[in-house]
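Residue numbers (the working numbering): 7 to 398.
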């Protein structure tokens, strides 16, 4: 990406898990006041370093683009909503992640209590935390991850399972819900390119959620009710009807993949685009539809498959297995690399090897399909999107 497009690419490290996002403020204090969002603070520190030093490497501190995938994109969603990051970047590319994945303090406290209980740390002796071994921290994280988030009614949220150590709306680093802040114009000066992959959840079905492969209709409704706070009777029939009309596969596992891909990834991206478009005309979206050949094609356009295309790293042995090989792969990678580089440089992803890429707006919801064919779609999967209205 850097060598072919005259960009300075900076990669960073930041604290994850308990070291990055364990919320100890309420009962620990005494030096733990900002522990909830150390991961975000690390990212902000890295951006401040770029601002202060990138010119020495040939970069422009006034023309910084942040981009990330999955948790990286979710981090960017949080950065867009924190005043501490204001002015540190001009553009943002969010791949398979948006601004929904934050925890409220009440949930974060329960996560911290589960961690401390597993690690035998009492609330009256928080200093014991500093004595924990790496093995104890990892074990405590496993306990913390079992605490579900957002089980209570809450605007634009759905229950979150297995991903509990995330940025916390602590009233300090994150003064308010990032999506609310973005909707109010907190990131109005930031141009955004955000999108998702067509079959995001197939990655999790194949590797961490394999029990869902054999779902029957009753099981599908049960799991969807759990994950949508009782709205499975509304969501499942809407997806079945829409997929039947398009002639798509509609076994229970196919419906589960489509529903979870939208619930966790596509709808949060759409809500971010809607919030940002109201303030910033330089807002673009895409849908990645290239299918992986892995598992006899069952992965589809799964989570993370877009990474080697965007980075131009499709020639590694793993990438060839994951993404495939041949001229069509080369062509799509070149088109995506060029689009990402153009957006980083100018705020516009258009280039001569793609159709004209309109900005996102709510009437047409223009979306660039990036796959075997690259074309502009208007409001793709509209019936499924509409099924989530007022729910997510």
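Heads up, the beta-carbon is just placed ideally off N, CA and C, and yes, glycines get one too.
Residue 86 versus residue 195 - alpha carbon distance
As a first step, residue 86 is located in the chain shown; it is residue number 80 there, counting from the start. As a first step, residue 195 is located in the chain shown; it is residue number 189 there, counting from the start. Each residue's Cα considered, the two are about 10 Å apart.
Segment limits, beta strand (DSSP E) that includes residue 31
Reading the chain shown from its first residue, position 25 is the one you call residue 31. Careful: residue 31 lies outside any beta strand (DSSP E) and carries neither H nor E.
Backbone secondary structure at residue 10 - three-state DSSP:
Counting from one through the chain shown, the residue named residue 10 turns up at place 4. Here residue 10 sits in helix by DSSP.
Cutting at 6 Å between CB atoms, please list the residues of its own chain near residue 187, excluding the five before and the five after it.
Within the chain shown, residue 187 is the residue found at index 181, counting from 1. Around residue 187: 87.
So, are the CB atoms of residue 114 and residue 20 less than 8 Å apart?
For the purposes of this step, residue 114 is taken as the residue at position 108 of the chain shown. For the purposes of this step, residue 20 is taken as the residue at position 14 of the chain shown. No, Cβ-Cβ distance for residue 114 and residue 20 is not below 8 Å.
Would you list, in sequence order, the uninterrupted alpha helix (DSSP H) runs of no fewer than 4 residues that lie entirely inside the region 47-86?
77-85
Limits of the unbroken alpha helix (DSSP H) element including residue 225:
Against the chain shown, residue 225 aligns to sequence position 219. Segment 223-233, the alpha helix (DSSP H) holding residue 225.
DSSP three-state assignment for residue 306, whether helix, strand or coil
On the chain shown, residue 306 is found 300 positions in, with the first residue counted as 1. In the structure shown, residue 306 sits in a strand (DSSP, three-state: E or B).
Take every Cβ of the region 257-273, pair it with every Cβ of the region 205-213, and state whether three or more of those distances are shorter than 8 Å.
yes
Could you pull the DSSP bridge partners for residue 343 from this structure?
Counting from 1 along the chain shown, the entry for residue 343 is found at position 337. According to DSSP, residue 343 bridges with nothing at all.
With 16 other Cβ atoms within 10 Å as the buried cut-off, status of residue 219:
Start at 1 with the first residue of the chain shown, and residue 219 comes out as number 213. Exposed: under 16 other Cβ atoms inside 10 Å.
Tell me whether residue 423 is buried or exposed, calling it buried when 16 or more other Cβ atoms sit within 10 Å of its Cβ.
Lying outside 7 to 398, the shown extent of the chain, residue 423 is not represented and no answer is given.
Return the chain-ordered ranges of every alpha helix (DSSP H) run that is complete within the region 165-220 and spans a minimum of 4 residues.
184-189 and 208-213
Hey, would you say residue 282 sits closer than 8 Å to residue 289, going by beta carbons?
In the chain shown, the residue the question calls residue 282 occupies position 276. In the chain shown, the residue the question calls residue 289 occupies position 283. Result yes, Cβ atoms of residue 282 and residue 289 sit closer than 8 Å.
Where residue 72 falls, given that 16 or more other Cβ within 10 Å makes a residue buried
As a position in the chain shown, residue 72 is number 66, starting the count at 1. Buried: at least 16 other Cβ atoms inside 10 Å.
Which whole-angstrom value is the C-beta distance of residue 287 and residue 365, which I expect to be below 8 Å?
Here the question's residue 287 lines up with position 281 in the chain shown. Here the question's residue 365 lines up with position 359 in the chain shown. Indeed they touch by this definition, with Cβ atoms about 6 Å apart.
Please classify residue 298: does DSSP put it in a helix, a strand, or coil?
To locate residue 298, count along the chain shown from 1; it is residue 292. Of the three classes helix, strand and coil, the one that applies to residue 298 here is strand, per DSSP.
Out of 80, 242 and 136, which one is the CA nearest neighbour of residue 109?
For the purposes of this step, residue 109 is identified with residue 103 of the chain shown, where counting begins at 1. The candidate whose alpha carbon is nearest that of residue 109 is 80.
For residue 314, which residues from the same chain have a beta carbon less than 8 Å from its beta carbon, with the 5 sequence-adjacent residues on both sides left out?
Indexing the chain shown from 1 puts residue 314 at position 308. Contacts found: 320, 322, 325, 328, 329 and 339.
Near residue 276, which residues of its chain fall below 7 Å by C-beta distance, leaving aside the five closest residues on each side in sequence?
Translated into the one-based positions of the chain shown, residue 276 becomes position 270. Hits under 7 Å: 391.
Expressed to the nearest angstrom, what Euclidean distance is found between the alpha-carbon atoms of residue 248 and residue 389?
For the purposes of this step, residue 248 is taken as the residue at position 242 of the chain shown. For the purposes of this step, residue 389 is taken as the residue at position 383 of the chain shown. Whole-angstrom Cα-Cα distance: 6 Å.
Give the secondary structure of residue 373 by DSSP, where H, G and I count as helix, E and B as strand, and everything else as coil.
Residue mapping note: residue 373 aligns to position 367 of the chain shown, counting from 1. Three-state DSSP puts residue 373 in a strand.
Same chain only: Cβ atoms within 7 Å of residue 118, ignoring 5 sequence neighbours per side
For this step, residue 118 is matched to residue 112 along the chain shown. Around residue 118: 28, 29 and 30.
Using the rule of at least 16 other Cβ atoms within 10 Å of the residue's Cβ for burial, across every protein chain shown, is residue 15 buried or exposed?
To locate residue 15, count along the chain shown from 1; it is residue 9. Classification for residue 15: exposed.
Please name the residue or residues paired with residue 384 in a DSSP beta bridge.
Counting from 1 along the chain shown, the entry for residue 384 is found at position 378. Bridge partners of residue 384: 372.
State buried or exposed for residue 45, treating a residue as buried only when at least 16 other CB atoms are found within 10 Å of its CB.
Working through the chain shown from its first residue, we reach residue 45 at position 39. Looking at its Cβ environment, which holds 16 or more other Cβ atoms inside 10 Å, residue 45 is buried.
Mind checking whether residue 350 and residue 360 have CB atoms under 8 Å apart?
Here the question's residue 350 lines up with position 344 in the chain shown. Here the question's residue 360 lines up with position 354 in the chain shown. Not closer than 8 Å, so no.
When 246, 369, 201 and 231 are compared against residue 295, the one with the closest alpha-carbon:
By 1-based counting over the chain shown, the position of residue 295 is 289. Per the Cα distances, 201.
Secondary structure at residue 129, three-state DSSP: helix, strand or coil?
Sequence index remark: in the chain shown, residue 129 carries index 123 (1-based). Three-state DSSP puts residue 129 in coil, outside helix and strand.
So, is residue 301 buried or exposed, given that buried needs 16 or more other C-beta atoms within 10 angstroms?
Taking the chain shown and counting its residues from 1, the one referred to as residue 301 is at position 295. Exposed, by the Cβ-count rule.
Would you give the residue range spanned by the alpha helix (DSSP H) that residue 281 belongs to?
Numbered from 1 along the chain shown, position 275 holds the residue referred to as residue 281. That run of the alpha helix (DSSP H) goes 273-283.
Does the count of Cβ pairs from the region 166-173 and the region 58-65 closer than 8 Å reach three?
no
DSSP three-state call for residue 289: helix, strand or coil?
For the purposes of this step, residue 289 is taken as residue 283 along the chain shown, with counting starting at 1. Three-state DSSP puts residue 289 in a strand.
Integer-rounded CB distance, given that residue 7 should sit under 8 Å from residue 317
One-based indexing of the chain shown puts residue 317 at position 311. One-based indexing of the chain shown puts residue 7 at position 1. The Cβ separation is near 6 Å, so the contact holds.
Going straight from the alpha carbon of residue 12 to that of residue 357, what length do you get?
Here residue 12 is taken as the residue at index 6 of the chain shown, counted from 1. Here residue 357 is taken as the residue at index 351 of the chain shown, counted from 1. Taking the straight line joining both Cα atoms gives about 16 Å.
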